[in-house]
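Peer 1:
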Amino acid sequence: MTAEYIRDWQQPRHAVGREGTGIPAPESALSSWLDAYRVENERRQEMADAAFSATPLGNLINKSLDAQEKQDKTITLAGDARKQARGAVDEAMASLRLLPSYLRDPLIRHLSFLRKKQEADRRKGKKSWQAERYARGTLRKIFERLDRTDGRWLTPGYRSLAGRERLDDLLYLPQLNKHQIQTLATMTAAMFSSTFEKLCDGFGATDGELTMDVTLKAYQMLARMALHLHAMPPHYDALTTDKDRRNEPDTELLPGAILRLTCAEWWKRKLWLVRCEWREEQLRAACLVSRKTSPYLSQDALSEFRAQREKTRDFLKSFMLENEDGFTIDLETVYYAGVSNPVHRKAEMMATMKGLELLAEARGDKAVFLTVTCPSKYHATTENGHPNPKWNGATMRDSSDYLVNTFFAAVHKKLNRDGLRWYGIRTVEPHHDGTVH
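Using the UniProt record's numbering, the final residue of the sequence shown is 437, and nothing's skipped along the way.
1) What do you get for residue 438, buried or exposed, if any count of 16 or more other CB atoms within 10 angstroms of its CB means buried?
2) Of all the options Gly326, Met350, Leu316, which has the alpha carbon lying nearest to the alpha carbon of Val334?
3) Just to confirm the assignment: which complete alpha helix (DSSP H) runs, minimum length 4, are found wholly within the region 141-185?
4) Kindly list the residues whose CB is nearer than 6 Å to the CB of Leu261, restricted to its own chain and excluding five residues on each side of it in sequence; keep chain order.
5) Does the distance from the CB of Leu173 to the CB of Ala162 come in under 7 Å?
6) Using only the alpha-carbon positions, how far apart do residue 525 and Val436 sit?
7) Considering only the beta carbon of each residue, do Lys141 and Pro387 sit closer than 7 Å?
8) Can you give me the C-alpha to C-alpha distance between Leu199 and Ala257, rounded to a whole angstrom?
9) I'd like to know whether the C-beta atoms of Gly434 and Arg246 end up nearer to each other than 7 Å.
10) Ser318 to Tyr336, Cα distance in whole Å?
11) With a threshold of 7 Å on Cβ separation, who are the neighbours of Gly385 within its own chain once the five nearest residues in sequence on each side are excluded?
12) How long is the line joining the alpha carbons of Thr183 and Trp267, rounded to whole angstroms?
13) Which residue wins for smallest C-alpha separation from Phe196, given the options Pro255, Ile181, Asp147?
14) Use the C-beta contact count for Tyr37: other C-beta atoms within 10 angstroms, 16 or more gives buried, fewer gives exposed.
15) Rounded to whole angstroms, how far is the Cβ of Leu139 from the Cβ of Ala92, which I believe are closer than 8 Å?
16) Would you please state the rounded distance, in angstroms, between the beta carbons of Gly157 and His228? I believe it to be under 8 Å.
17) In the DSSP assignment, find the beta strand (DSSP E) that holds Ile329 and state where it starts and stops.
18) Have a look at Pro295, Thr328, Asn341, Tyr296 and flag the residue whose alpha-carbon is nearest the alpha-carbon of Arg313.
19) Taking Glu165 as the reference, which of Glu144, Thr188, Leu210 has the closest Cα?
20) With H, G and I counted as helix, E and B as strand and the rest as coil, what does DSSP make of Thr373?
21) For residue 477, does the three-state DSSP call read helix, strand or coil?
22) Helix or strand or just coil, what does DSSP make of Pro56?
23) Thr381 by DSSP, collapsed to three states: which one?
24) Using the rule of at least 16 other Cβ atoms within 10 Å of the residue's Cβ for burial, across every protein chain shown, is Ile181 buried or exposed?
25) For Leu321, report the span of its beta strand (DSSP E) as first-last.
26) Would you report the Cα separation of Arg148 and Thr155, rounded to the nearest angstrom?
27) Quick check on DSSP: helix, strand or coil for Pro430?
28) If we ignore side chains and look at the alpha-carbon of each, how far apart do Glu46 and Trp129 end up?
29) Whether or not the region 373-380 and the region 392-410 are in contact is what I'm after, with contact meaning three or more pairs of Cβ atoms, one per stretch, closer than 8 Å; do they touch?
30) For Arg421 and Leu415, I'd like the C-alpha separation in whole angstroms.
31) Tell me whether Pro100 is buried or exposed, calling it buried when 16 or more other Cβ atoms sit within 10 Å of its Cβ.
32) For the candidate residues Lys127, Asp35, Trp278, Thr186, whose alpha-carbon lies nearest to that of Leu103?
33) Alpha carbons only, please: which of Tyr378, Asp242, Asp90, Met353 is nearest the one belonging to Leu367?
34) Beta-carbon separation of Thr251 and Met212 under 7 Å?
35) Give the DSSP-derived three-state secondary structure of Pro387 in the structure shown.
36) To the nearest angstrom, report how far apart Leu356 and Thr427 are at their CA atoms.
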């Protein structure tokens, strides 16, 4: 008896039946007869089917049924494949819409062109899978290459600094225009200015008086922050205090370096340079810089260059120069008369090369013209415009560093060991995918 029920007769009891007793219910005669009838009916049907299949008509019907079953299965599989292929293209379209406009628009145009061409071929009865192959193969590689390229700039230090100082626009730097870069540069300069004041107070500046030691320590901290943002600090080599340094830092350069690090105009130029380089590398990773699309540089960079050149030309045309004697001349004529004119620079280079060639002939030397190309791992795109599988994510700057610091350095060492001295001109030009050679 439990505490819940005072009397035994108050406790609930099982209903009368076989459920709680564990005794199996007896099998009735009707159920046994029905089971036997069903088994016998199935045996007779199997015997009739086997006898009918042995006849010529039954054999022909069975073959027709098997062929129809195979055809239905093939149609089902083809429909599933088309749905899956259509899903791959739609999924690629959805992923492309998440990209910035300068990457999204040309890729969507190309995918739409391939889809229309594929549909036109299928209406003619041809087997065509161009859009599916591009969505499954090329676009998937492009997405992976874009992630690898962004990882070169979005370093842990870069992300940490942008998040800690509330400079979220740094994470989307390639998508910003000049006006947005100006706003971001002003915020970055203000952040560096406030950080400089906090560092000086932390390093022991008293009554607002700064010593060279305190200023130097504060500059070195600011320089590390600038390096995290991919900007080379001013006079960095002259003001570092590493253990391998043989002479003392030049403290006379400190005021100018601090002023630049806290200047919005200085940061505007630096951030715009990083933005353009980062954006161009994204376009290279997306195979939008190649012989098939836009050789040497992207259409985006070419448009910005032409717009800047037109802006400079309009500025030069709007001013005139006048000397003490009253002689006037337009600023455009003076500007293009200098060595900065590309036409003059080319003529000067060709004249220098011809002079070196004549000098080599007079000395009995032989003038040689060589073209040095980087290995395949530095080229983002192949000759036919497809992603290069050997590309390791190297940037255009990496290819230039390879040629200067690795290739030509080894050549100089080899010539010095052999007692040879070379002279000439070394020029740089882009490959079809922007790689330096």
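C-beta atoms are modelled at their ideal positions from N, C-alpha and C, and glycine is treated no differently.
Given the structure is predicted, the values throughout are model-derived calculations rather than measurements.
Peer 2: In terms of the structure at hand:
1) Missing from the structure shown is residue 438; the chain here goes from 1 to 437 and no further.
2) By 1-based counting over the sequence shown, the position of residue 334 is 334. Nearest option by C-alpha distance: Leu316.
3) 156-164
4) Walking along the sequence shown from the start, residue 261 turns up at place 261. These residues qualify, in order along the chain: Phe192, Leu222.
5) Taking the sequence shown and counting its residues from 1, the one referred to as residue 173 is at position 173. Taking the sequence shown and counting its residues from 1, the one referred to as residue 162 is at position 162. Their beta carbons are not under 7 Å apart, which means Leu173 does not touch Ala162 by this criterion.
6) An answer regarding residue 525 cannot be provided, because it is not within the stretch 1 to 437 covered by the chain.
7) Your numbering for residue 141 matches position 141 in the sequence shown. Your numbering for residue 387 matches position 387 in the sequence shown. The answer is yes: Cβ separation under 7 Å.
8) Taking the first residue of the sequence shown as 1, we reach residue 199 at position 199. Taking the first residue of the sequence shown as 1, we reach residue 257 at position 257. Answer to the nearest angstrom: the Cα atoms are 16 Å apart.
9) Position 434 of the sequence shown, counted from the start, is the residue given in the question as residue 434. Position 246 of the sequence shown, counted from the start, is the residue given in the question as residue 246. In this structure, Arg246 does not lie closer than 7 Å to Gly434 by Cβ.
10) Here residue 318 corresponds to residue number 318 of the sequence shown, with the count starting at 1. Here residue 336 corresponds to residue number 336 of the sequence shown, with the count starting at 1. Taking the straight line from one Cα to the other gives about 15 Å.
11) Here residue 385 refers to the residue found at position 385 of the sequence shown. Only Cys287, Ser290, Arg291, Lys292, Thr293 meet the Cβ criterion.
12) Counted from its first residue, the sequence shown places residue 183 at position 183. Counted from its first residue, the sequence shown places residue 267 at position 267. Cα to Cα, the separation comes out at about 10 Å.
13) Here residue 196 refers to the residue found at position 196 when the sequence shown is read from its first residue. Answer by Cα proximity: Pro255.
14) Within the sequence shown, residue 37 is the residue found at index 37, counting from 1. It counts as exposed.
15) Counted from its first residue, the sequence shown places residue 139 at position 139. Counted from its first residue, the sequence shown places residue 92 at position 92. That belief holds up - the Cβ atoms of Leu139 and Ala92 are roughly 5 Å apart, short of 8 Å.
16) Numbered from 1 along the sequence shown, position 157 holds the residue referred to as residue 157. Numbered from 1 along the sequence shown, position 228 holds the residue referred to as residue 228. Correct: roughly 4 Å between the Cβ atoms.
17) Taking the sequence shown and counting its residues from 1, one reaches residue 329 at position 329. Ile329 -> beta strand (DSSP E) spans 328-330.
18) In the sequence shown, the residue the question calls residue 313 occupies position 313. Minimum Cα distance to Arg313 is reached at Asn341.
19) Taking the first residue of the sequence shown as position 1, residue 165 is located at position 165. For the residues Glu144, Thr188, Leu210, the minimum Cα distance to Glu165 belongs to Thr188.
20) As a position in the sequence shown, residue 373 is number 373, starting the count at 1. Thr373: coil per DSSP, three-state reduction.
21) Residue 477 lies beyond the range of the chain shown here (1 to 437); nothing can be said about it.
22) Indexing the sequence shown from 1 puts residue 56 at position 56. Pro56 falls in the helix class under three-state DSSP.
23) On the sequence shown, position 381 is the one that residue 381 refers to. Strand.
24) Taking the sequence shown and counting its residues from 1, one reaches residue 181 at position 181. Burial call: buried.
25) Counting from 1 along the sequence shown, the entry for residue 321 is found at position 321. Note, Leu321: beta strand (DSSP E), 320-322.
26) By 1-based counting over the sequence shown, the position of residue 148 is 148. By 1-based counting over the sequence shown, the position of residue 155 is 155. Each residue's Cα considered, the two are about 11 Å apart.
27) Position 430 of the sequence shown holds residue 430. It is a strand residue.
28) To locate residue 46, count along the sequence shown from 1; it is residue 46. To locate residue 129, count along the sequence shown from 1; it is residue 129. Computed Cα separation, rounded: 47 Å.
29) yes
30) Looking up residue 421 in the sequence shown gives position 421. Looking up residue 415 in the sequence shown gives position 415. The straight-line gap from Cα to Cα measures roughly 7 Å.
31) Here residue 100 refers to the residue found at position 100 when the sequence shown is read from its first residue. Result: exposed.
32) The residue labelled residue 103 in the question sits at position 103 within the sequence shown. When each option's Cα is compared against that of Leu103, the closest is Trp278.
33) The count along the sequence shown starts at 1 and reaches residue 367 at position 367. With the sequence shown as reference, residue 367 is identified as Ala, and Leu is not the correct amino acid for it. Measuring from the Cα of Ala367, the nearest candidate turns out to be Met353.
34) In the sequence shown, counting from the first residue as 1, residue 251 sits at position 251. In the sequence shown, counting from the first residue as 1, residue 212 sits at position 212. Yes; because the gap between Cβ atoms is below 7 Å, this pair is in contact.
35) The sequence position of residue 387 within the sequence shown is 387, counting from 1. The answer is strand: DSSP assigns Pro387 an E or B state.
36) Reading the sequence shown from its first residue, position 356 is the one you call residue 356. Reading the sequence shown from its first residue, position 427 is the one you call residue 427. Straight-line Cα distance between these residues: approximately 14 Å.
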